[in-house]
Amino acid sequence: MTPVATPFFFYLLSGLALLGGILVITRKNAVHSALALILTLLALAGLYLMLYAPFVAGVQIILYAGGIMVLFLFVIMLVSIERSQKEEQFNKQWIVGFIAAGVLGVLFVLVYVKGRALLPAPNAQIPNESQNTQNVGVLLYREYMFAFEIASLLLLVAIIGAVVMAKKRI
Amino acid sequence: MLEYITSYLKSNTTPGQAGNQFWAFVYIILIFLGLSVAVIAMNWLERKILAHMQVRLGPMRVGPHGLLQPIADAIKLLIKEDIMPAEADKVVFWTAPVMVVITAFTVFIVVPFGPTHAVTDMNIGVLFMLGVSSLGVLAIVMAGWASNSHYPLIGALRSSAQMVSYEIAMGLAVVAAILMTSLHGIGLYGVGSGTGTGTLSMIEIVKAQQEQHAWFIFKFFPLGLIAFFIFAVAMVAETNRAPFDLPEAESELTAGFHTEYSGFRWSLFFLAEYSAMIAVSAIAVTLWLGGWLRPFPNWLTGETWDLVFSVFPGVTFLLLAVIAFVGTMRMPKHAYFRVQTLGLGGFGALLGLIGLVLLMPPVRDRIQDIYWFSVKVAAFMYLYIWYRGTFPRYRFDQLMKVGWKVLLPMGIGVLILTAVVGVLL
């Protein structure tokens, strides 16, 4: 089916993502920051859906919003809130901050202006959404099999390391 | 406009795939209403069945055999004072029940009540259902933290630890079932015809079971059965129900994460708990029990068998009507009970009428798939009540041990064995 009201949803989702991001750094309460981060992650999942990558969107929801953020909240909730609310939130380096942000902005504009030819054409071919998951699977397990297995080995090492560090006697 | 509405009736896809927003909206309303009625019915049935298991009568006062009890409960909850603790985090306290209801109802977008009876069919159906229902954990954590009280916080911590642990075993069992969709052999030990790509879409998973002539619970016996068993245990833990209802263990934590909630907000948690139970049952039915397929769709074929299976919905309702009428006959013959007797008789007549409508040929052909799906889900709901009446509650360390040391290794083993068997055969 053809997409409906794409610009509306794009601006809505990016607006939500930005709003969540700003809330993350401005809230004093760490739990509120974490909840705002969840909003950002969900909005990003929506953007992935708009990019015809439903599998990535689903994984984003399960892993980040559902899994990692629950563990985040878990830890944050056990930290005393009173203390974090008394501490200073910003280190008042406004001038340096504005200069850095400005330079970064100029860099982005330059990349866009100079490298516009590299960006895909606005009417790029719409990928086949119904085969997205299958395509990801084929790519991971055929073309990039070696890289994928190496990455899983890295994760295994991390898991064993965590267990070794957490347990005194094994 | 009329053309737009009627044009969908001829198509054989879901409204979401056909891009028909009107029918998608109609389906969403129907599912919402159906779920609410199912939750109300579940409320009555649970108390009644539990009572009979414990040789009690259960609710008997409000309406005949307590039939109006859930409505009385709902009215009580709605007119109750809505309390927000003074020290609570207002925004989070307010958001948590809303979020838990949204996540519990959103998953029903992809539940396939029939080949065309779903709001839409997603390429990532199962993943979507698991992902969105895992967001429910967040809502519980939020509710527990925002209450700013000890019992809710402990309840929320227990609940999130439990749900995060069992999600892993559950995921492995689901992957084993999804793996089976990619093996195209026919029969229980489907030999030949090679392997291909599988699917995550709920509708395609059921179609794969039809094509392979086997429900996945029986596929590669006993592998499918073990995967189903893992899921069946994990789904009880995921929905925080007995015997894994530690987050709301009354004897230790009053009511767990929703201790501080009252009135309407509490009823939202109640609603979400029951619709989450229906949602995970729907996943189990879709993945292992052939979804909307009637029993033996490839074996008992032909006109006669089609007719026999298509009268089931109507006959079920007629049977319920007969039970209601027997109840009417057995009501005490006393002027005090006259209204109740009339009410029960009227309820029986209503059930009988629904049964007769379902027997009409055009209706019974369309309602069949919904009926079989609902019956399978209803069996799971009965199991939930049965567990609650049978098993004592686990201790928290036992719960974690079952999750991590029993179900998880079993899940990994089943997954590997399914892959090996699938490649070898």
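Those protein sequences? They're chains A and B, same order as listed. So the first sequence is numbered by numbering that gives the first Met the number 0: it starts at 0 and just counts up by one. So the second sequence is numbered by numbering that gives the first Met the number 0: it starts at 0 and just counts up by one. Backbone N, C-alpha and C fix where the C-beta goes; we use that ideal spot for every residue, glycine too.
Ile60/A: buried (16+ other C-beta within 10 angstroms of its C-beta) or exposed?
Residue numbering aside, residue 60/A sits at position 61 when the first sequence is read from its first letter. Answer is buried; the Cβ neighbour count reaches 16.
Let me know the secondary structure DSSP gives Leu182/B once reduced to three states.
Here residue 182/B refers to the residue found at position 183 of the second sequence. Three-state result, Leu182/B: strand.
Quick check: is the beta carbon of Val30/A nearer than 8 angstroms to any beta carbon in chain B?
Here residue 30/A corresponds to residue number 31 of the first sequence, with the count starting at 1. Yes, Val30/A lies at the interface with chain B (some Cβ there is under 8 angstroms from its Cβ).
What are the residues of the stretch 60-75 of chain A that lie near chain B, defined by any Cβ-Cβ distance shorter than 8 angstroms?
From the stretch 60-75 of chain A, only Ile60, Ile61, Ala64, Gly65, Gly66, Met68, Val69, Leu70, Leu72 and Phe73 have a Cβ closer than 8 angstroms to chain B.
Would Ala271/B and Ala103/B qualify as a contact pair, given that the criterion is a beta-carbon distance under 8 angstroms?
Residue 271/B sits at position 272 when you count from the first residue of the second sequence. Residue 103/B sits at position 104 when you count from the first residue of the second sequence. Cβ atoms of Ala271/B and Ala103/B: closer than 8 angstroms.
In chain B, which residues lie with their C-beta within 7 angstroms of the C-beta of Pro53/A?
As a working mapping, residue 53/A is identified with position 54 in the first sequence. Within 7 angstroms Cβ-Cβ: Met121, Asn122 and Ile123.
Using a Cβ-Cβ cut-off of 8 angstroms, state whether Ile24/A counts as contacting chain B.
Taking the first residue of the first sequence as 1, we reach residue 24/A at position 25. No, because no Cβ of chain B sits closer than 8 angstroms to the Cβ of Ile24/A.
Excluding the 5 residues flanking Ala281/B on each side, which residues of the same chain have their C-beta closer than 7 angstroms to its C-beta?
Counting from 1 along the second sequence, the entry for residue 281/B is found at position 282. Once the five neighbours on either side are set aside, the close Cβ partners of Ala281/B are Val110 and Val376.
With Gln16/B as the anchor, note down where its alpha helix (DSSP H) starts and where it stops.
Translated into the one-based positions of the second sequence, residue 16/B becomes position 17. Where Gln16/B is concerned, the enclosing alpha helix (DSSP H) stretches over Pro14 to Ala17.
With 8 angstroms as the threshold, decide whether the Cβ of Val205/B is near any Cβ in chain A.
Position 206 of the second sequence, counted from the first residue, corresponds to residue 205/B. By this cut-off, Val205/B is not an interface position.
Taking C-beta pairs closer than 8 angstroms, name the residues in chain B that Ile37/A reaches, listed in chain order.
Stepping through the first sequence from its first residue, residue 37/A is reached at position 38. Result: Leu137.
Since Met59/B is in the alpha helix (DSSP H), which residue starts that stretch and which ends it?
Reading the second sequence from its first residue, position 60 is the one you call residue 59/B. Looking at the DSSP string, Met59/B is not in any alpha helix (DSSP H), and its letter there is neither H nor E.
Would you say Asn90/A faces chain B, with C-beta separation under 8 angstroms as the test?
Taking the first sequence and counting its residues from 1, one reaches residue 90/A at position 91. So no, Asn90/A is outside the interface.
Could you tell me which chain B residues have their CB closer than 7 angstroms to the CB of Thr132/A, listed as they occur along the chain?
Taking the first sequence and counting its residues from 1, one reaches residue 132/A at position 133. Going along chain B in sequence order, the residues near Thr132/A (Cβ under 7 angstroms) are Asn122, Ile123 and Leu199.
Quick check: is the beta carbon of Gly57/A nearer than 8 angstroms to any beta carbon in chain B?
Stepping through the first sequence from its first residue, residue 57/A is reached at position 58. Interface residue, yes.
Is the CB-CB distance between Trp403/B and Leu288/B below 8 angstroms?
By one-based count along the second sequence, residue 403/B stands at place 404. By one-based count along the second sequence, residue 288/B stands at place 289. No, they are not a contact pair.
Which residue from Leu134/B, Gly354/B and Leu423/B puts its Cα closest to that of Thr238/B?
Position 239 of the second sequence holds residue 238/B. Ranking the options by Cα distance to Thr238/B, first place goes to Leu134/B.
Hey, out of Phe268/B, Phe230/B and Ile28/B, whose CA is closest to Ala95/B's CA?
Position 96 of the second sequence holds residue 95/B. Taking only the C-alpha atoms, the option nearest Ala95/B is Phe268/B.
For Gly412/B, decide whether its Cβ has a neighbour in chain A, counting only Cβ atoms nearer than 8 angstroms.
On the second sequence, position 413 is the one that residue 412/B refers to. Output row for Gly412/B: interface = no.
Residues of chain A with CB under 7 angstroms from Gly130/B, in chain order?
Indexing the second sequence from 1 puts residue 130/B at position 131. Result: Gly57, Ile60, Ile61 and Gly65.
Of all Cβ atoms in chain B, is any one closer than 8 angstroms to the Cβ of Leu155/A?
Counting from 1 along the first sequence, the entry for residue 155/A is found at position 156. Not an interface residue.
Using the Cα positions of Leu138/B and Thr115/B, report the straight-line distance between them to the nearest angstrom.
Looking up residue 138/B in the second sequence gives position 139. Looking up residue 115/B in the second sequence gives position 116. The residue you asked about is not Leu; residue 138/B is Ala in the sequence shown. The straight-line gap from Cα to Cα measures roughly 32 angstroms.
From the beta carbon of Trp43/B, is the nearest beta carbon of chain A less than 8 angstroms away?
Taking the first residue of the second sequence as 1, we reach residue 43/B at position 44. By this cut-off, Trp43/B is not an interface position.
Going residue by residue through the stretch 55-125 of chain B, where are the continuous alpha helix (DSSP H) segments of at least 4 residues, counting only ones entirely within it?
With a minimum length of 4 residues, the continuous alpha helix (DSSP H) runs that stay inside the stretch 55-125 of chain B are 68-78 and 89-105.
Identify, in the order they occur along the chain, each residue of the same chain with its Cβ nearer than 8 angstroms to the Cβ of Leu34/B, setting aside the five sequence neighbours on each side.
Here residue 34/B refers to the residue found at position 35 of the second sequence. Contacts found: Phe104, Phe107, Ser274 and Ile277.
Ignore the nearest five residues each way along the sequence and tell me which others in Ala33/A's own chain have a CB closer than 7 angstroms to its CB.
Locating residue 33/A in the first sequence gives position 34, counting from the first residue. The residues are Met68, Phe71, Leu72 and Ile75.
Check the Cβ-Cβ distances between Leu34/A and every residue of chain B, and say whether any is below 8 angstroms.
Along the first sequence, one-based indexing puts residue 34/A at 35. Yes, because at least one Cβ of chain B sits closer than 8 angstroms to the Cβ of Leu34/A.
Report the CB separation of Val125/B from Met201/B in whole angstroms; it is logged as a contact under 8 angstroms.
Sequence index remark: in the second sequence, residue 125/B carries index 126 (1-based). Sequence index remark: in the second sequence, residue 201/B carries index 202 (1-based). Correct: roughly 7 angstroms between the Cβ atoms.
Quick one: give me the first and last residue of the alpha helix (DSSP H) that Arg394/B is part of.
The residue given as residue 394/B occupies position 395 in the second sequence. Looking at the DSSP string, Arg394/B is not in any alpha helix (DSSP H), and its letter there is neither H nor E.
Who are the Cβ neighbours of Val131/B in its own chain at under 6 angstroms, not counting the five residues just before and after it?
Along the second sequence, read from residue 1 onward, the residue named residue 131/B stands at position 132. So the list reads Thr102, Thr105 and Val106, once near-sequence residues are dropped.
Using 8 angstroms as the limit for Cβ to Cβ distance, is Phe104/B near chain A?
For the purposes of this step, residue 104/B is taken as the residue at position 105 of the second sequence. By this cut-off, Phe104/B is not an interface position.
Tell me the DSSP secondary structure of Met49/A in three-state form.
The residue you call residue 49/A lines up with position 50 of the first sequence. Reduced to three states, the DSSP call for Met49/A is helix.
Taking all protein chains shown into account, decide if Ser425/B is buried (16 or more other Cβ within 10 angstroms of its Cβ) or exposed.
This structure does not reach residue 425/B, given that chain B is present from 0 up to 424, and the question cannot be answered.
Secondary structure at Leu46/B, three-state DSSP: helix, strand or coil?
In the second sequence, the residue the question calls residue 46/B occupies position 47. Looking at the sequence itself, residue 46/B is Arg, so the reference to Leu does not match. Note: Arg46/B maps to helix in three-state DSSP.
Rounded C-beta distance between Val136/B and Ser164/B? I'm assuming under 8 angstroms.
Counting from 1 along the second sequence, the entry for residue 136/B is found at position 137. Counting from 1 along the second sequence, the entry for residue 164/B is found at position 165. Val136/B to Ser164/B, Cβ: 11 angstroms. No contact.
What distance in whole Å lies between the Cβ atoms of Ala56/A and Leu62/A, which are believed to be in contact at a cut-off of 8 angstroms?
Working through the first sequence from its first residue, we reach residue 62/A at position 63. Working through the first sequence from its first residue, we reach residue 56/A at position 57. That pair is no contact at about 11 angstroms.
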